[in-house]
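Structure first, commentary second.
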Amino acid sequence: MPTILPHNHGQQSEHTLHEMPEIRDFQTVSELFKQLGDSSRTRIFWLLCHCEECVINLSALMGMSSPAVSHHLKLLKASGLIVSRREGKEVYYTAADTEPAQLLHHMIEKMIRVTCPTP
C-alpha cells in the first residue's frame, strides 16, 4: 500500500519512499559505519587492509594493550570487516575480501588522503 503524505509539496516524496531500500539494509550500513566510529578501530582496520597480523604485533604497531586490540578485533570480526585464521597457537587477522570492506577501505583513504603502501 503506498504511503500517502499529509502534505503535498510537489516533491514526489512518495515515489522516493517507494524506491527506498528496506530498513534492515540501512541497519546493516549503520552497523558497518559504527565499527569505524572509533579511531583506533579504524586504524586497525586500515592496517589489516594491507597486511595480516597477530594481536601482539598489532598491539605494538598501535601502541595499545593486547586486550584493547583484541576487543577491537572482536568487534571488527563480528561485523564481517575482518577475518582470522589460526596457525598453531597464533591467530592472524586481515581485512575480509568483501565489497563492504573494500569500499570502507577506499573511503578511509579518500577521506584522509593517504595512499596504500606498496609491498
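Just so we're on the same page, the working numbering is the position in the sequence shown counted from 1, plus 22.
All residues carry an ideal CB built from backbone N, CA and C; glycine is no exception.
TODO: Pull up the distance between the alpha-carbon of E121 and that of C73, whole angstroms please.
DONE: Position 99 of the sequence shown, counted from the first residue, corresponds to residue 121. Position 51 of the sequence shown, counted from the first residue, corresponds to residue 73. Looking at the two C-alpha atoms, the distance is approximately 17 Å.
Task: Residue(s) in a DSSP beta bridge with C76 - done: For the purposes of this step, residue 76 is taken as the residue at position 54 of the sequence shown. Per DSSP, Y114.
Task: At least 3 beta-carbon pairs within less than 8 Å: the segment 58-67 vs the segment 107-114 - done: no
TODO: Go ahead and pull the three-state DSSP assignment for R107.
DONE: Here residue 107 refers to the residue found at position 85 of the sequence shown. DSSP places R107 within a strand segment (E or B) once states are collapsed to three.
Open item on the list: As a quick exercise: from E41, L69, V51, pick the residue whose alpha carbon is nearest that of I130.
Closed with: As a working mapping, residue 130 is identified with position 108 in the sequence shown. With distances taken between Cα atoms, I130 lies closest to L69.
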